[in-house]
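Numbered per the numbering used here, the sequence shown finishes at 824, counting up by one with no gaps. Glycine residues also receive a C-beta, built at the ideal position from the N, C-alpha and C atoms. Computed from a predicted structure; not experimentally measured.
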Amino acid sequence: MNANIFMGSAVEITLLLIIIICGMAYSILAKKLTVPAACTGVVIAITIFMAAGLTGVAMMTAFFLMGSLATSWKQDRKNKFSDNHGNKTGRKASQVLANAGVSALAGLSIFVFPQLTNLFLLVMAAAFASATADTLSSELGILYGIKCINVKTLKTDECGRDGVISMEGSVIGFIGCCLIALVHAIGYGFQLGFFWIVLAGTFGNLTDSFLGAYFERRGLIGNDAVNFFSTLSAGIIALLLGALI
580 MNANIFMGSA
590 VEITLLLIII
600 ICGMAYSILA
610 KKLTVPAACT
620 GVVIAITIFM
630 AAGLTGVAMM
640 TAFFLMGSLA
650 TSWKQDRKNK
660 FSDNHGNKTG
670 RKASQVLANA
680 GVSALAGLSI
690 FVFPQLTNLF
700 LLVMAAAFAS
710 ATADTLSSEL
720 GILYGIKCIN
730 VKTLKTDECG
740 RDGVISMEGS
750 VIGFIGCCLI
760 ALVHAIGYGF
770 QLGFFWIVLA
780 GTFGNLTDSF
790 LGAYFERRGL
800 IGNDAVNFFS
810 TLSAGIIALL
820 LGALI
């Protein structure tokens, strides 16, 4: 994307409004988000659109749709896991910020440093890739993980606990990273950035597991902080890869 700040044409703005209206209606009626959380998502979506155009919104939408489907999939079987962070009334605004806040900050950075637009687009995509990988691997790893390992002790542990991963869940998370990177590539062109997004998103997902094992499980930080710092780590890795390689 060569433009410094993407304001969007009338057609693109119309598409954005359709996406926002449909997204709000679905998320609230299906109890995926609370009303404040949905409003927070709208603000983030508008910020990302102004910085990254419809491709940025497409990455956010892909994350939301994949995460919603994964969370809803066989929910009754996942209710027995005590560390499953689902919410019957919908996710709160703090959870939206924890997952999409770093991507929004990347969008704001484009306004401040327009000459670094392409670099911050990588950061935005990597943060969404990390959030997607975390959601898919945790929600589906609970169901399909055969052998679950605690990343701290490297011993078998209960699926669904903080800091516990499985090969199956990790592969599903990796696929989620690839899908976000694919959306980025379709919008901005297939370049090395595709691989940086996948690598950074996977790193962020692993960081989430380590933070869960070493800090969240001991009650030192909450799940929102874990999600924010894991997406932040993905953004930092993408920033370094994009700038140095």
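Beta-carbon proximity of residue i to residue j, cut-off 8 Å
{"i": "VAL762", "j": "THR634", "result": "yes"}
{"i": "PHE628", "j": "LEU595", "result": "yes"}
{"i": "MET639", "j": "SER682", "result": "yes"}
{"i": "LEU698", "j": "GLY814", "result": "no"}
{"i": "ASN806", "j": "SER716", "result": "no"}
{"i": "ILE598", "j": "VAL636", "result": "yes"}
Residues bridged to residue i [DSSP beta-bridge criterion]
{"i": "CYS727", "result": "SER745"}
{"i": "LEU648", "result": "The partner list for LEU648 (beta bridge, DSSP) is empty, contrary to what the question assumes."}
{"i": "LEU612", "result": "ARG670"}
Unbroken alpha helix (DSSP H) run spanning residue i, endpoints
{"i": "ILE800", "result": "That residue, ILE800, is in no alpha helix (DSSP H); it is neither H nor E in DSSP."}
{"i": "ASP655", "result": "654 to 657"}
{"i": "THR593", "result": "589 to 608"}
{"i": "LEU687", "result": "672 to 691"}
{"i": "ASP736", "result": "Counting along the chain, ASP736 falls outside any alpha helix (DSSP H), and DSSP gives it neither H nor E."}
{"i": "GLY780", "result": "772 to 790"}
Alpha carbon of residue i to alpha carbon of residue j, nearest angstrom
{"i": "SER788", "j": "ILE728", "result": "11 Å"}
{"i": "GLY766", "j": "GLY780", "result": "18 Å"}
{"i": "ALA760", "j": "ASN802", "result": "25 Å"}
{"i": "GLY742", "j": "ALA710", "result": "15 Å"}
{"i": "ALA672", "j": "CYS618", "result": "8 Å"}
{"i": "LEU648", "j": "GLU718", "result": "10 Å"}
{"i": "SER688", "j": "ILE623", "result": "13 Å"}
{"i": "VAL621", "j": "CYS601", "result": "11 Å"}
{"i": "ALA712", "j": "ILE754", "result": "8 Å"}
{"i": "LEU684", "j": "THR626", "result": "9 Å"}
{"i": "LEU818", "j": "LEU701", "result": "7 Å"}
{"i": "LEU811", "j": "GLY798", "result": "21 Å"}
{"i": "THR696", "j": "ILE751", "result": "30 Å"}
{"i": "ILE824", "j": "TRP775", "result": "10 Å"}
{"i": "TYR714", "j": "TRP652", "result": "The sequence as given places Thr at residue 714; Tyr does not occur at that position. Computed Cα separation, rounded: 12 Å."}
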